Structures are given as structure tokens and as C-alpha cells.
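Working notes for the structure below.
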Amino acid sequence: MDRRQFFATTATVGAAVLPIKKSRAANAKETKEFVGVLVDTTRCIGCRSCEVACSETNGNFVPDVRNDNALARVRDTSEKQYTVVNRFNTDKGEVFVKRQCMHCWQAACVAMCLVNAMFKTKEGPVTWNGDKCLGCRFCMVACPFDIPKAEYLSWNPRIMKCTMCYERLQEGRKPACVEACPTDTLMFGQKRELMETARHRVYSHPDKYVHQIYGEHEVGGTGWLYLSAVPFEQLGFRTDLGTTPYPEYTKQFLVAVPLILFGVPALLLGLSELTDRKKQVREDEGWSEPEVTE
Amino acid sequence: MNTTAVVTSEFSRVAKFFWQELKPRGKWLTPFNIISIPIILIGLVILYFRFVYGIGYVTNLNQYYPLGIWIGFDVVTGVALAGGAYVITFVVYVMRMEKYHSIVRVTVLNGLLAYIFYAGALTLDLGRPWHIVNPIIGNSFGYNSVLFLVSWHFLLYMLTMALEFSPVVAEWAQLEKARKFLAGLTLGAVIFGITLSILHQSGLGALFLMAKPKIHPLWYSEFIPVLFFVSSIYAGLSMIVFEGTISHKVFKDLLGGQNHRHYEEIILGLGKGAAITMFVYYFFQALIFVHEKRWELITDAWGYWYLLEVIGLVLVPCFMFAYAVRHRNLGIIKVASVLALLGIVLNRLNVTVIAYRWYDVDKYYPSWQEVVVTLMVVFTEIWIFRWIVTRMPVFSKR
Numbered sequence: 003m004d005r006r007q008f009f010a011t012t013a014t015v016g017a018a019v020l021p022i023k024k025s026r027a028a029n030a031k032e033t034k035e036f037v038g039v040l041v042d043t044t045r046c047i048g049c050r051s052c053e054v055a056c057s058e059t060n061g062n063f064v065p066d067v068r069n070d071n072a073l074a075r076v077r078d079t080s081e082k083q084y085t086v087v088n089r090f091n092t093d094k095g096e097v098f099v100k101r102q103c104m105h106c107w108q109a110a111c112v113a114m115c116l117v118n119a120m121f122k123t124k125e126g127p128v129t130w131n132g133d134k135c136l137g138c139r140f141c142m143v144a145c146p147f148d149i150p151k152a153e154y155l156s157w158n159p160r161i162m163k164c165t166m167c168y169e170r171l172q173e174g175r176k177p178a179c180v181e182a183c184p185t186d187t188l189m190f191g192q193k194r195e196l197m198e199t200a201r202h203r204v205y206s207h208p209d210k211y212v213h214q215i216y217g218e219h220e221v222g223g224t225g226w227l228y229l230s231a232v233p234f235e236q237l238g239f240r241t242d243l244g245t246t247p248y249p250e251y252t253k254q255f256l257v258a259v260p261l262i263l264f265g266v267p268a269l270l271l272g273l274s275e276l277t278d279r280k281k282q283v284r285e286d287e288g289w290s291e292p293e294v295t296e
Numbered sequence: 026m027n028t029t030a031v032v033t034s035e036f037s038r039v040a041k042f043f044w045q046e047l048k049p050r051g052k053w054l055t056p057f058n059i060i061s062i063p064i065i066l067i068g069l070v071i072l073y074f075r076f077v078y079g080i081g082y083v084t085n086l087n088q089y090y091p092l093g094i095w096i097g098f099d100v101v102t103g104v105a106l107a108g109g110a111y112v113i114t115f116v117v118y119v120m121r122m123e124k125y126h127s128i129v130r131v132t133v134l135n136g137l138l139a140y141i142f143y144a145g146a147l148t149l150d151l152g153r154p155w156h157i158v159n160p161i162i163g164n165s166f167g168y169n170s171v172l173f174l175v176s177w178h179f180l181l182y183m184l185t186m187a188l189e190f191s192p193v194v195a196e197w198a199q200l201e202k203a204r205k206f207l208a209g210l211t212l213g214a215v216i217f218g219i220t221l222s223i224l225h226q227s228g229l230g231a232l233f234l235m236a237k238p239k240i241h242p243l244w245y246s247e248f249i250p251v252l253f254f255v256s257s258i259y260a261g262l263s264m265i266v267f268e269g270t271i272s273h274k275v276f277k278d279l280l281g282g283q284n285h286r287h288y289e290e291i292i293l294g295l296g297k298g299a300a301i302t303m304f305v306y307y308f309f310q311a312l313i314f315v316h317e318k319r320w321e322l323i324t325d326a327w328g329y330w331y332l333l334e335v336i337g338l339v340l341v342p343c344f345m346f347a348y349a350v351r352h353r354n355l356g357i358i359k360v361a362s363v364l365a366l367l368g369i370v371l372n373r374l375n376v377t378v379i380a381y382r383w384y385d386v387d388k389y390y391p392s393w394q395e396v397v398v399t400l401m402v403v404f405t406e407i408w409i410f411r412w413i414v415t416r417m418p419v420f421s422k423r
């Protein structure tokens, strides 16, 4: 094949393939958007209805909201409760903040999991599958928000975390906490809508809110978004997590894997061939059969 | 000829032979046995409670410290210390340096046992160990996961090392044909094994890349994988020196035929290798230090702790190795190898446990049960090692 012919063939094949690729890309375009929840902390009254609804829905420990005086100290989610509400004393008085899994857009726990037990569903929630999980707890290492919790005192421990009520979403219902909220603190929807609402609130009340939506950019964007009247550090949020999606941190390494997996054997095979002294001797002697000296 | 009869008689011969070999030899009441037997027994009791009542029943792990010394020491450190196998097989089979041929078998055996026991200790730490086949059999592959890669490489590397060691087993069982066949596979196994080692030694470091906000900035950098790989080279070399020193004392009679001068040359060569790789490692640490502008971080206790590791247990033993090689001083090499090993232990524990969530008030400390189980793993490995070297032709040359 001469050069001209080669170009012609390449051009024809290329022209034939290009539209196919394009239409494939169009087909693959995701029509569903990730859902999430907007939490407006200025509206929360600390009634903890969400805690109760969550635990009842998921069969977890149901707190005695009236009598347990739990707001006295700052709590964390646990292997018994997927969500908790905390009270913070800030520059602008008491603020209540709900805490649960943030359902990151590119979740560290999902990228860490070697068996897809932690799974980012196409709807947005990050779920956990006990039939796959090894219980290695590296999801807990990876999660920047320390959300996955292990049942250490069980022979068959589960990893416990909010699933954004994935099963309810499948039935077309909202997460239990959102439905239980009496003050419209929680708003469920697609992230685009939530961002619009959040921005609208900040713009129309510029003095009421800090001009930041927590979760818009944090760790590459999260499913749950927060609005606040005071800087987020005062509400127990980590603001040093950066905006890089966490899976990016291991990408460099993963890219290097095939390079090593195929480059190193090639190099070593070549080296061992070059260092073979028996063959060297044979070459000196003009490729005659080597004498068996050993 | 009656094939069945031959096979049967051969089989019964091998079975009889195995039975003979299983019996203990030598004295029972040695100091090592007196210490190790109770610890192994207590360890087994602890493991019973661990599997019945859960990991939290015997360990100090909690929601913020999901990994303790069972991972940080047994697995992450153990694998680094077992790096000698890939380094020595590289030197002997790829670079064809015959000088080190006599230590290949024992080093590969050590590597193999270390992987079986220390990577095997992983199953003690897994919450649902019966799902351990999930990443292997393919019902759910987490392709983008570093852990997926590491688990596969552990498995493959164990098989590779078993293949590398298999000629010795065949020789012991007097299966000459099998030995020849298996020996023919060695170069391939070695090259595959080195590749896997590079990947999972660094991969163990890559596991902690996503723990960025939790690891003290002196120990976190995007180069953890490279640091883990480079340090595994001198960790392996130091471990060979360390183990060789002990073996030389304990198994003196097995080494009878070996030339002392030859042994000295090997130790000096390993010391030289360790000195150079340690210097490269140190240099890289220094570059990262400057690049990430860590000056202001070294003024507090964490800074001193870091300096102890990087200066005291890397740079100092590095110079000790270099000095000792120059003056042909085996004693200093042995001390330096111990320091270098301590440095590795400290580094791996720092990344996985000590400097992990350094900002916490309630730090994790291992429970006594965790320590006993760790000792149990180490002692059991030594038991198996001793059983093998007193029976198979590990120390003797072909």
C-alpha cells in the first residue's frame, strides 16, 4: 500500500467511524440528574423529627427526643443512627445543624471500595451492599466526612450510613427526614434546582446568609448542600477539604499501573537476556554451541 | 507395567514421608518455645472471641480509627519487610549475580511466609472475611479501586513466590521431574513477581492517598506510593541481614558447609545496597520536604517525631551502612539494619496509625489482645519457618 492509498483508506474509515462514535456519545448521555437535599440551617429549630423518622424508616435506634437532652453536646452519626442534629452556639445565636452522609458526586468511599459494595447509584445516593462488603473499613479511612460507621460488636458487622432512603426514592417518595421536617429546612430535588433555590435565597437575603453554599464545590461537589447564617467553621464543618474530587488523588497512581505492569517485565526480560553470560560467551566464539562446563 | 500399582506405591511412599516429616525434631523446652507456645494459645482464645463477638470486643478500634496495628503493623509493615524476596530474585535471576545465589531460597521462603502470615492477618481484621473471594471471583470488580489492585497483587504474588520456592519442595519430596519442570518456570515467575511487588508495595501507600485530611502533613504527600516502594527495597535488604544474622546463630549446624568468608561478602554487598537505596530514599524525602515547604511543621513534637524517623532512622543507618562497608565491619552493618528496620516500622505505623488523625484527643492505642494476636502471627510464622528449614534444602546450595 503506498502513502496516497493509505491516506485515502484512513480518511474513508475515519469518516465512516466518526458519526458512529458521535451518535454513541449522544446515546450515552445521562438523562437523569443526581438528586440531593438542600439544608437551610437558618430554618432548623432543632426538633429532631428527622432523627426519629430516619431511625424508624431504617430500623435503627430511635432516640427519645423529649427526654434524652442530646443537644447538650455535639454528637456524631453512629452505627445506630444515620443522622443527628447538633446545636452550635455561634455569633448569631443558637444554630441547629443536621449531619448525615453528604452523598458526594465523586465519593471517596466508592472509589476506595474494591467490590463496589459502596456504590454511587445513578440517581445520586451512595448505598452499601452487605452481600459484597468484605468489612475492610477502608471506606471509613477514605471518607473526608467520617460518615461510614462499622458495627464493631457484631460477628457480621454492617457498614452503617445514610442511603438517602434509596428504596423510598425508587417508590417515588422523598427521604424520610425530608418528609418529617416541619419547618422546610430540608428540600429534596435535583442538584440544579437546589442550587437555584439556594442562590436565590442568598441573593434575596444577602445579610442573612453567608455567601457560600457548602457542598457546591467541597470535595468536588456533594449531593447535600448547606446554607448558613454564620461561617461554616462555627457549625462544625471542615472547610479545609479542598475542591478536588477525592478519587482524583489516586488517579495518578492508577494511570501508572499499566505502565509498570507491562513496562517492567519488558525491561527485565531484556535485562536478563543481556546479562546472560553463557550467551555472551557463545557470541564471542561466533555463535558456536557452548561447552557444558557446569 | 501396572501404572496403578506404581502410582499407589509412589503415593504411599510420599504420604509416609510427609507423616515422618511432620513429627517434631530436637529439644522441646527451648526459650523460644516456652515464650511462643502460651502466646499462640492465648492468641487463639482471643481470636475465638473476635469471631464470635466482633472485632470491637478485643480491639481498641473505633469509628474514627478503623485500622489498628493488625493492618498498620501486620499487613503494611510486614509486606514492606518482606520486600527482600523481589530484590534478591532480581539480583540473582535478572542481573545474574551468582554471589547471592546461596541466600535466594531462604529469602524467598521468608517472603512467602511473610505474605501468607502478614497479608493473611488481613482476614483477622476483615469484618466479613467470608466475602474475601468477592474481589477475585468476579461478581463485583471495583476497577477504579487501589485496594482491588492490591488484593489481586497480593494473591498473585503469593502464588508467584510459591512457584519460585516450589523446586525446593519438590527436591525435599524427591520428585525430580517436578523439580526440573518447576525450576524452568523460575525466571518467568521472578519477573512477574518483581512487577507485582513494585505495584503493590507502592499500592499499599496509595491506599492512604484519599486520607489526605486525616494524615499529618509531614507524612502525607502525593508521593506516598513512591516512598513506600523505594523504602521497601532497603527494608528487604535490612531484613535479609537481620534474619541472616539470627539464622546464622540458630541454624548453625544447617549452614555447616558454608564458607564464612562468602557469607561476609554477601552481608557487605547487602549493606552497600541498603546504603545506596536509603540515601536515594532520604534524598527524595528531603525534596518533598522542601517542595511542600514543611519548615514550619517541624517545630513541635510531631516535627521532632518526624525528624527522629527521617534523620535518626534513615540518614543515620544509611551512613552507618556506608561506613561499615568501607571498613568491612559486620557488627555495624547488623546494628544499622536493625535501625533501618525500626525506621520502616515507624514510618508505616506513622502513616497508618500514629499520625493518622493526629489532631484527635482520644488517640488509638492497641489493646493487649491486639498485641498478643500480632505476636501470635509472628511466632507462628517463625514456627513454620523453622519446620521448613530443618527439613527442606533451604540453606544448602543445589
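Residue numbers (my numbering), protein chains in the order written: chain X, 3 to 296; chain F, 26 to 423. Where a beta carbon is used, it is the ideal one built from N, C-alpha and C, also for glycine. As the structure is a prediction and not an experimental result, all values here were calculated from the model.
Let's test the definition: count the other Cβ atoms within 10 Å of the Cβ of E169 of chain X and tell me whether it reaches 16, buried, or not, exposed. exposed
Scan the segment 217–243 of chain F for residues whose Cβ lies nearer than 8 Å to a Cβ of chain X and list them as they occur along the chain. F217, I219, T220, I223, L224, S227, G228, A231, L232, F233, L234, M235, A236, K237, P238, K239
Tell me the rounded alpha-carbon separation between T245 of chain X and R373 of chain F. 28 Å
Compute the Euclidean distance between the alpha carbons of Q199 of chain F and F420 of chain F, then round it to the nearest angstrom. 17 Å
Where M120 of chain F meets chain X, residues with beta-carbon distance less than 9 Å: L273, S274, T277
Is there contact between the segment 357–365 of chain F and the segment 337–346 of chain F, where contact requires at least three CB pairs shorter than 8 Å? yes
Would the segment 182–195 of chain F count as touching the segment 212–230 of chain F if we require 3 or more Cβ pairs under 8 Å? yes
So, using beta-carbon positions, are F140 of chain X and N131 of chain X closer together than 8 Å? no
Cβ pair I215 of chain X, L229 of chain X closer than 8 Å: yes
So, is T33 of chain F buried or exposed, given that buried needs 16 or more other C-beta atoms within 10 angstroms? exposed
I'd like to know whether the C-beta of N372 of chain F is nearer than 8 Å to at least one C-beta of chain X. no
Thinking C-beta only, is L322 of chain F closer than 8 Å to P242 of chain F? yes
When you compare each of F:M401, F:R416, F:K359, F:V414 to L66 of chain F by their alpha carbons, which one comes out closest? F:M401
Beta-bridge pairing of V86 of chain X - partner residues as DSSP gives them: X:R101
What in chain X is Cβ-close to Y78 of chain F, meaning under 9 Å? L155, S156, W157
Report yes or no: is there a C-beta of chain X within less than 8 Å of the C-beta of H126 of chain F? no
Looking only at DSSP bridge pairs, what is V39 of chain X linked to? X:F190, X:W226
If you draw a straight line from the alpha carbon of W157 of chain X to that of W95 of chain F, how long is it in whole angstroms? 17 Å
Looking only at DSSP bridge pairs, what is K151 of chain X linked to? X:M162
Looking at the C-beta of V117 of chain X, does it have a partner C-beta in chain F at a distance below 8 Å? yes
Closest by CA to H219 of chain X, which one among X:M104, X:H202, X:V232, X:D66? X:M104
Give the secondary structure of G97 of chain F by DSSP, where H, G and I count as helix, E and B as strand, and everything else as coil. helix
By a C-beta neighbour count over all protein chains shown, 10 Å radius and 16 as the cutoff for buried, is A380 of chain F buried or exposed? buried
Closer than 9 Å, Cβ to any Cβ of chain A: which residues of the segment 131–148 of chain X, in chain order? Of the chains in the structure shown, none is chain A; the protein chains are X and F.
According to DSSP, what are the bridge partners of F76 of chain F? Per DSSP, none; premise fails for F76 of chain F.
May I ask which residues mark the beginning and end of the alpha helix (DSSP H) holding W327 of chain F? 326–332
Once you ignore the five residues that flank V350 of chain F on each side, which residues in its own chain have a CB closer than 8 Å to its CB? L293, G296, K297, A300, I358
What is the DSSP secondary structure of N58 of chain F, reduced to helix, strand or coil? helix
Backbone secondary structure at F115 of chain F - three-state DSSP: helix
Run through chain X and tell me which residues come within less than 8 Å of F179 of chain F, C-beta to C-beta. Near F179 of chain F there are no residues of chain X at all, since even the closest Cβ is about 11 Å away, more than 8 Å.
Are the segment 185–199 of chain F and the segment 120–135 of chain F touching by the rule of at least three beta carbon pairs closer than 8 Å? yes
For the ligand ATP, is there any heavy atom lying closer than 7 Å to the beta carbon of S222 of chain F? As presented, the structure is devoid of all ligands, the ligand ATP included, so that no description of it is given.
Would you mind giving the Cβ-Cβ distance between I128 of chain F and I291 of chain F, rounded to the nearest angstrom? I have them listed as a contact below 8 Å. 6 Å
Q83 of chain X and F63 of chain X look like a contact to me (Cβ under 8 Å); what is the Cβ gap, rounded to whole Å? 6 Å
Residues, ordered as in the chain, of the segment 176–204 of chain X that lie near chain F by beta-carbon distance below 9 Å: none
Only counting the same chain, and skipping five residues up and downstream in sequence, which positions put a Cβ closer than 8 Å to that of G61 of chain X? none
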